[in-house]
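Quick note, the sequences are listed as chains A, B and C, same order. Under the numbering used here, the first residue of the first sequence is numbered 207, with each subsequent residue one higher. Under the numbering used here, the first residue of the second sequence is numbered 8, with each subsequent residue one higher. Under the numbering used here, the first residue of the third sequence is numbered 895, with each subsequent residue one higher. Every residue gets a Cβ at the ideal spot worked out from N, C-alpha and C, and that includes glycine. Remember, predicted model here, so these are calculated numbers, not experimental data. Worksheet: the structure to be examined is printed underneath.
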Amino acid sequence: MECQVSQQQDDIVIIHVKGEVDLCTSPELRALILQYLKKSKSVLVELSAVAYIDSSGIASLVEGYQLSRQHQLTFALISVNKTVASVLKLAKLDKVFQIYPSLYDWQQHHSSSQ
Amino acid sequence: MTPPIISVENLVTYYGRHQVLKGVSLAVEQGEILVIMGGSGSGKSTLLRHLLGLHAVTSGKIEIFGKNIQTLDWREEQEFRRNIGVSFQGGALFTSMTVGENVRLPLQEHSRLDEQTIAIMSRMKLEMVDLSESEDLMPSELSGGMIKRAALARAIVMDPKLLFFDEPSAGLDPVVAAELDQMILELRDAMRMTMVVVTHDLDSAFQIADKIAVLDQGEILQIGSVEMIKQSKHPRVQALLQRQIRTTQFDPDEYLERLMSGSGRK
Amino acid sequence: MVYSKLKQWLSHGISEFGYIVILLLESLYWIVLGRFKSQAVSIRAIFFYMVQIGINALPIISVLSLTIGVMLAMQGIHTLRVLGAESKVILGLVLSVTREFAPLIIGIVVAGRSGSALTAKIGTMQVSQEIDALRVIGINPVRYLVSPVLVAVFLMLPALTFYADVLGILGGILYSSTELNHSVQVYILEALDLLSLDDVLHGLWKSMVFAVIITLVGVSNGFMVQGGAEEVGTATTRSVVFAITYIIIADMIFTFYLSHE
């Protein structure tokens, strides 16, 4: 697994996840998510290049989402590919997370809701 | 082409002087569901125990994930254990622990994940099998169907690449059994798991199998797709299918024989 | 016919003994090396078993040791009176309680209470495939189920034996002081004077041997259960009978060597 972090304007952080998120690598993703949620108002996780994600990876996302709700922050998943979508669906989490097809969609939604 | 997940070559085992498996060979490909079918005494439980690495073989070779499981060193064995999940026939839940503790145990033993992450992961698995309400119950407080589902949750908590399922539908009512079959298929599709299911339930086998191996008296009579097995001309395969479809088939001679000399077939 | 039975019985016995030795070595292995393989023997489990085996047995052990002390005093006074040597009763009491009765009674009580429970627990886990489940999850059953019990029994048995020493002697003194009209304080001082470290240690060494016997007999009978629930019952009975038999035989061997030194 590889994670790249890009900072956008307006205090938005995007974590780009690539490769396999499994028992060995998910603690790293978890640490990144929790770390940036302490610093920024909006954290987006971009999941288009994820080849495999197991439930420890999903659990890390759940923790991030929960933390963002406690502190009224924004946490969303963008560009969720088929692999990730099917795991989310199996865990019945596809209706829990805020999921957007792309960064653009999220921005549209975000600006209209403000 | 990727190598098979499981490859068994000419497996022979004895129990005392009785030959239980007489040269079994089979292969399971990535993402495939293999159903091993056979009556009691066919050797299917023995075969499963060998695949789980619980018994030494007399001769033959079992390779799983490309490694001979008979000769794993300690580290390789732990890795093998991390990558497989097993749902036992009677559940085999640890009776001194709650359902939640049962499901968390493999993660606590094998991973260095945060307790919070472990808790979320195990609850996700309990949600998947519709047991979220039962996390704090003891196994003795569960019904048969719930035990099966809790055992499944424990088996998949590590997201194993290979899942073994012993008699998923035994002792369940048809509706619950069908739900469990559905769940097996969903798991395979979403988690890309490879599965080996041992069952004597024909409906269930036809429902979930990509490939069926029919085992009888320690030999594989036939191995192939559901269609192939259904249309098999092999007399013993036919007999097995017939016997299970017509469960009340009555043979007066056999019955008399049983009454006179006791059941010698067991 | 008799010969073949004997042969079968003997080979069975030898293979069982071999199994017990392997179990002992394996559990020692995990106790010593488990932590280096991230399969450490759980300290929590050790404490749990120490409470179960030791602390929870205190009431019954108290009653038994006091009673045995009183009984020994009765018998001692009765026997010594023939020789006109009733005053030696405390010597007899101190020696027999510390060297013989305390370790033996503790061994028998723990074998009956905990050895059998161990067999029943492991036997049931064997029948319900819980042992298989442990192995499949990658948890060594010996490390998980045997090692902590071995440590707990090994620590608790000498402790309980010492406790039984104290109560047994006290019981004997209380009886003797009323029977022979001496003050309790005098007898206590006399007992302390007569009590030697050697005698106490003799009993404690024995109890450690008993600890290993109780654990291994209990555990091995549990693991050897095959088949159904009714076999758990048979194994449990067998476990208690064998543990007590082995304890008494070991006791005799021990006493023989230590009294011929």
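Limits of the unbroken beta strand (DSSP E) element including residue i
i: M202(B); result: T201 to T206
i: M44(B); result: I40 to M44
i: S66(B); result: S66 to I71
i: G92(B); result: I91 to S94
i: F172(B); result: L169 to D173
Opposing strand residues paired with residue i [DSSP bridges]
i: H222(A); result: Q210(A) and E252(A)
i: T20(B); result: L28(B)
i: D223(B); result: E226(B)
i: Y913(C); result: For Y913(C), which the question treats as bridged, DSSP gives no partner whatsoever.
i: Y258(A); result: E226(A)
i: F941(C); result: Per DSSP, none; premise fails for F941(C).
i: N75(B); result: E70(B)
i: V15(B); result: L33(B) and I69(B)
i: L283(A); result: V251(A) and I305(A)
i: K218(B); result: L41(B)
i: G98(B); result: F95(B)
i: G231(B); result: I219(B)
Cβ distance (whole Å) where residue i is taken to contact residue j below 8 Å
i: V110(B); j: V183(B); result: With a Cβ gap of about 19 Å, V110(B) and V183(B) do not count as contacting.
i: S66(B); j: V19(B); result: 5 Å
i: F95(B); j: A1027(C); result: 6 Å
i: L1110(C); j: I914(C); result: 5 Å
i: V64(B); j: F171(B); result: Incorrect: roughly 17 Å between the Cβ atoms, too far for contact.
i: V219(A); j: Q213(A); result: 6 Å
i: L250(A); j: A282(A); result: 5 Å
i: G1112(C); j: T1018(C); result: Not confirmed; about 13 Å, so no contact.
i: S14(B); j: E70(B); result: 5 Å
i: K149(A); j: D228(A); result: Because chain A spans 207 through 320 in this model, residue 149(A) falls outside it and cannot be assessed.
i: A1123(C); j: I955(C); result: With 8 Å as the limit, A1123(C) and I955(C) do not qualify as a contact, their Cβ atoms being about 31 Å apart.
i: G45(B); j: H207(B); result: 7 Å
Short CB-CB distance (under 8 Å) between residue i and chain E
i: R24(B); result: Absent from the structure is chain E; the protein chains it does hold are A, B and C.
Buried versus exposed call for residue i [16 or more other C-beta atoms within 10 Å across all chains shown]
i: A1085(C); result: buried
i: T1072(C); result: exposed
i: N287(A); result: exposed
i: Y897(C); result: exposed
i: V1080(C); result: exposed
i: K899(C); result: exposed
i: M200(B); result: buried
i: I43(B); result: buried
i: K1100(C); result: buried
i: H315(A); result: exposed
i: K1157(C); result: Chain C is shown from 895 up to 1155; residue 1157(C) falls before or after that span and cannot be answered.
i: I1143(C); result: exposed
i: V1103(C); result: buried
i: H906(C); result: exposed
i: Y943(C); result: buried
i: M267(B); result: exposed
Range of the contiguous alpha helix (DSSP H) that encloses residue i
i: E116(B); result: V106 to H117
i: I962(C); result: L952 to L977
i: N1115(C); result: L1091 to F1117
i: S246(A); result: Careful: S246(A) lies outside any alpha helix (DSSP H) and carries neither H nor E.
i: G1017(C); result: S1010 to V1021
i: R195(B); result: P181 to M198
i: R56(B); result: K51 to L58
i: K155(B); result: G151 to I163
i: L133(B); result: E122 to M135
i: K398(A); result: Residue 398(A) is absent from the structure shown; chain A starts at 207 and stops at 320.
i: T1139(C); result: A1123 to S1153
i: T1055(C); result: S1041 to L1074
i: S47(B); result: Careful: S47(B) lies outside any alpha helix (DSSP H) and carries neither H nor E.
i: V1036(C); result: Here V1036(C) belongs to no alpha helix (DSSP H), and DSSP marks it neither H nor E.
i: D260(B); result: P259 to S268
Same chain only: Cβ atoms within 6 Å of residue i, ignoring 5 sequence neighbours per side
i: R156(B); result: V136 and L138
i: S232(A); result: S262, G263 and S266
i: G271(B); result: Only weak support is given to the placement of G271(B): the predicted model assigns it a pLDDT of 49, under 50, and the value that follows is read from those uncertain coordinates. Once the five neighbours on either side are set aside, G271(B) has no close Cβ partner at all.
i: I227(B); result: V31 and A220
Same chain, Cβ closer than 8 Å to residue i, five either side skipped, listed in chain order
i: T961(C); result: G1065
Own chain partners of residue i with C-beta closer than 7 Å, once the 5 adjacent residues on each side are dropped
i: I947(C); result: V1004, S1008, A1046, V1047 and M1050
i: R253(B); result: Any reading at R253(B) is ruled out, since the residue's pLDDT is 47, under 50, leaving its predicted position unreliable.
i: R89(B); result: H117 and M165
i: P1035(C); result: I1025, L1028 and R1029
i: A1053(C); result: G948
i: V35(B); result: P11, I12, I13, L41, T201 and V203
i: L28(B); result: L18, V19, T20, G50, T53, L54 and G225
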